[in-house]
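Numbering (UniProt numbering), first residue to last: 1 to 403. Just so it is clear, CB atoms sit at the ideal spot from N, CA and C, and this is done for glycine as well. Here the structure comes first, spelled out in structure tokens, and everything after it is commentary.
Written out as structure tokens, the structure is:
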């Protein structure tokens, strides 16, 4: 067998799996193919374009288990779309007239890379597929095996993306503290904005984790810190229909009765309506290299606050966002087990020259396999008929319909 050289990169937003996935890949190759050379491109595809990489040394291999303790990415992230030449030129990653896909492909070839592991979401992994196709068309054999990372858990056809379980658990931990703000002033409205551009899975799962975390708390009878103050009164997801007037009336009844109201909202809830509203008013909406609305500039939670605060007669209202706190956490036990299983398969597939993205394939009864690149897509909607979600909404007492 020809000598293999393995490169890895992480790209897109952070998720609580990147550091562990990098560490896991280093550990697994060190176990099953210790002679394979390992490098990591810094800051995702930016590092590929600039030829900026880290040589994984013997000392790094020995200390790789330490990476499971950390969040973030030990090799850096970025959002770079290799088929968006204008953006790459603007950012100084390629020269005017250069094709970024060609520059990246030639860099991989010049570096002698035979296996590339991409740890990211659908954009990261479909970009990797474009690279592999380009190289194949130019008679260069590159095996690309991706690992699915996104806290949104919205990659088709993968049942569970790396990092999503942790993000939900840590988001619940975050809000356990924030919920105490309900005791700071009468008639307080607290809105918890959770990440999720197109998919409400993380918001729903965070609500579920919060209710599970607090359901067995004991309180001092007769005081204001009670189960009601640790409850959720509404959950709004991109997949749900939204009736402002009806929900405002329902929340006002709750506010009148308890003196507070708590709302969980996905950052993608009502996003299209908010963007249309702003564009109709003449505002230019910022978008990233992939054409996605820069969601941090929209402030969906602020929009809900503006709509609800007066309608429910709140004396105080605040929006708290758990996104960066949750996505930067180290992987929890459930995610670590999922990471290890996907890493083992990724290395096995790579050494056997099978390209694709590892994951539990919903199109094949949830079987863990290396899924073909053409089947990988983003924006998978959360299934509102999921049993555990129905249980969450029954606990909250909110009726809902699909959008």
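Do residue 357 and residue 125 have their CB atoms nearer than 7 Å? Yes, Cβ-Cβ distance for residue 357 and residue 125 is below 7 Å.
On a Cα-Cα basis, can you pick out the residue from 257, 33 and 73 that is closest to residue 329? Among 257, 33 and 73, the Cα nearest to that of residue 329 belongs to 73.
May I ask you to list the residues that DSSP assigns as paired with residue 193? DSSP links residue 193 through a beta bridge to 265 and 321.
Just tell me which of 300, 233 and 118 has its CA closest to the CA of residue 394. It is 233.
Name the two residues that bound the continuous alpha helix (DSSP H) containing residue 340. Under the DSSP assignment, residue 340 falls in the alpha helix (DSSP H) whose first and last residues are 333-351.
So what does DSSP say about residue 395, is it helix, strand or coil? Helix at residue 395.
Supposed contact pair residue 203 and residue 264 - C-beta distance, whole angstroms, cut 8 Å: Taking C-beta atoms under 8 Å as the contact rule, residue 264 and residue 203 qualify, at a distance of about 6 Å.
Taking its Cβ as the centre, do 16 or more other Cβ atoms sit within 10 Å of residue 41, making it buried, or is it exposed? Counting Cβ neighbours within 10 Å, residue 41 comes out buried, since at least 16 surround it.
Give the range of the beta strand (DSSP E) segment to which residue 134 is assigned. First-last for residue 134: 122-137, but that is the alpha helix (DSSP H), not the beta strand (DSSP E).
Three Cβ pairs or more, each shorter than 8 Å: is that satisfied between the region 204-212 and the region 273-281? Between the region 204-212 and the region 273-281 there are fewer than three C-beta pairs closer than 8 Å, too few to call the two in contact.
Going residue by residue through the region 4-56, where are the continuous beta strand (DSSP E) segments of at least 3 residues, counting only ones entirely within it? As for any beta strand (DSSP E) of minimum length 3 sitting wholly inside the region 4-56, the runs are 5-10, 37-41 and 53-55, ordered along the chain.
Between which two residues does the alpha helix (DSSP H) containing residue 274 stretch? DSSP places residue 274 inside the alpha helix (DSSP H), whose first and last residues are 271-280.
Measure the alpha-carbon distance for residue 266 versus residue 205 and round it to whole angstroms. Cα to Cα, residue 266 sits roughly 11 Å from residue 205.
Can you check which of these residues, 127, 382, 52 and 121, is closest to residue 83 by C-alpha distance? When each option's Cα is compared against that of residue 83, the closest is 127.
Is residue 371 helix, strand or coil by DSSP? Reduced to three states, the DSSP call for residue 371 is strand.
Would you list the residues sitting across from residue 293 in a DSSP beta bridge? Partner(s): 287.
Start and end of the alpha helix (DSSP H) containing residue 166? It spans 164-178 - the alpha helix (DSSP H) in which residue 166 sits, taken as one unbroken run.
Cα-Cα separation between residue 336 and residue 21, rounded to whole angstroms: As the crow flies, the alpha-carbon of residue 336 is around 9 Å from that of residue 21.
Given 8 Å, three or more beta-carbon pairs between the region 169-176 and the region 293-306: Cβ pair count under 8 Å is below three, so no.
Buried or exposed: where does residue 136 fall if 16 or more other Cβ atoms within 10 Å of its Cβ makes it buried? Taking all protein chains shown into account, residue 136 has fewer than 16 neighbouring C-beta atoms within 10 Å of its C-beta and is therefore exposed.
For residue 169, tell me which candidate among 223, 183 and 194 has the shortest Cα-Cα distance. Cα-wise, what sits closest to residue 169 is 194.
Straight-line CA distance for residue 144 to residue 54? If you draw a straight line from the Cα of residue 144 to the Cα of residue 54, it comes to about 19 Å.
Please find out if some non-hydrogen atom of the ligand SAH comes closer than 6 Å to the beta-carbon of residue 28. Looking at this structure, you won't find the ligand SAH or any other ligand, since it has none at all.
Look up residue 250 in the DSSP assignment and say whether it is helix, strand or coil. Of the three classes helix, strand and coil, the one that applies to residue 250 here is helix, per DSSP.
Within the continuous beta strand (DSSP E) that includes residue 361, where are the two ends? Segment 356-361, the beta strand (DSSP E) holding residue 361.
Per DSSP, what are the beta-bridge partners of residue 149 in this structure? Its beta-bridge partners are 162.
Hey, could you find the ends of the beta strand (DSSP E) residue 234 is sitting in? In the DSSP annotation of this structure, the continuous segment of the beta strand (DSSP E) that includes residue 234 starts and ends at 234-236.
Mind reading off the beta-carbon distance from residue 239 to residue 382? Whole number of angstroms is fine, and I expect it under 8 Å. That belief holds up - the Cβ atoms of residue 239 and residue 382 are roughly 5 Å apart, short of 8 Å.
For residue 183, which residues from the same chain have a beta carbon less than 7 Å from its beta carbon, with the 5 sequence-adjacent residues on both sides left out? Here the set comprises 224, 225 and 229.
Proximity winner among 200, 186 and 179, relative to residue 214 (alpha-carbon distances): Ranked by Cα distance from residue 214, the first of 200, 186 and 179 is 179.
Reference residue 122; option with closest CA among 102, 5 and 147: Closest option to residue 122, Cα to Cα, is 147.
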